[in-house]
Amino acid sequence: MARRPIPIGTPQTTGIAHVAELVRNTVPPLHPAGIPFVVAPLTVALLGRNRKWVRRAGLAAAGASAAFFRHPHRVPPNRANVVVSPADGEVALVDTAVPPAELNMGDAPVPRVSIFLSVLDVHVQRSPVAGEVLAVVHKPGKFLSADLAEASDANERNSMLLRTEAGHEIAVVQIAGLLARRIVCDANVGDRLPIGDTYGLIRFGSRVDTYFPKGTTLMVERGQRAIGAETVLAQLP
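Numbering (the working numbering), first residue to last: 514 to 750.
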């Protein structure tokens, strides 16, 4: 869900329309997967409106769910051969590792960046490059804390392989965490994803690993905060 800048010369809105535009640009929209988690507690709050504690609990739960499933607009950088962050969160690992075996990318270590998402981060995943989806593989596993190094291999995950127009292959892996019990991936083999386009979601607390081809120049450091679709993780060879 990347947003294009408003072209120069576009007439400005005024009055109520202007206020509505400001609200729409300030308050992130809701990812469709979050609608049931917002509607259910709102319904409880409505039905129990005569009981203060029920009403407050329902509204609080709806607000928390809306915050978790927020889906903010992002503008990817207009630069050639860059890989953007597939998720919001903290860069937990910058190293080399063997890609997931299910993607058949070989057993040689390649550059990797791992991003840890806390329950307070935006949890949608975005395509790190513009490219064709070559593979999407879901693998069951454990639910260890996503900030542990072994979570990449042990935890439940969904691995996706992308190929750019230049022929570079990039793997992006959604990894479940201690509280995460559901990985959503809307991409299918053969799809062509624009850079920064939303393709999935993990709830609630998770990790996303990105594997790059050899010769890639990594441009982030461990402990850095990454913004999905906007932070440049690497420059491809």
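For glycine and all other residues, C-beta sits at the position ideal for the given N, C-alpha and C.
Small disclaimer: the values here were computed from a predicted structure and weren't measured.
For the putative contact between residue i and residue j, defined by C-beta atoms under 8 Å, what is the C-beta separation to the nearest angstrom?
i, j, result
"Gly654", "Glu669", "4 Å"
"Leu616", "Ala648", "6 Å"
"Ser631", "Gly741", "In fact, because the Cβ distance is near 14 Å, the residues do not count as touching under 8 Å."
"Leu714", "Gln638", "7 Å"
"Asp750", "Ala684", "Going by the sequence as given, residue 750 is Pro instead of Asp. Rounded, the Cβ-Cβ distance is 16 Å, inconsistent with contact."
"Thr711", "His584", "7 Å"
For residue i, which beta-bridge partners are listed by DSSP?
i, result
"Leu674", "Ala648 and Ala684"
"Ile628", "Val604 and Val721"
"Ala747", "Val596 and Leu731"
Between which two residues does the alpha helix (DSSP H) carrying residue i extend?
i, result
"Val597", "Taken as a continuous stretch (DSSP letters only), Val597 belongs to no alpha helix (DSSP H), being part of the beta strand (DSSP E) at Val595 to Val597."
"Asp666", "Ala664 to Ala667"
"Leu555", "Ile548 to Leu560"
Just reading off the beta strand (DSSP E) that residue i is part of, what are its end residues?
i, result
"Val611", "No beta strand (DSSP E) holds Val611; DSSP gives it neither H nor E."
"Val637", "Val637 to Arg639"
Using 8 Å as the limit for Cβ to Cβ distance, is residue i near chain D?
i, result
"Ala742", "The structure shown contains no chain D; it holds only a single protein chain."
query: Which runs of the beta strand (DSSP E), 3 residues or longer, sit entirely within the segment 696-744?
result: Listed in chain order, the complete beta strand (DSSP E) runs (minimum 3 residues) inside the segment 696-744 are 711-716 and 719-724.
query: Is there contact between the segment 586-600 and the segment 546-556, where contact requires at least three CB pairs shorter than 8 Å?
result: Contact between the segment 586-600 and the segment 546-556 is absent, with fewer than three C-beta pairs closer than 8 Å.
message: Taking contact to mean 3 or more Cβ pairs, one atom from each stretch, closer than 8 Å, check whether the segment 599-612 and the segment 717-737 are in contact.
response: The segment 599-612, when compared against the segment 717-737, does touch it at the 8 Å Cβ threshold.
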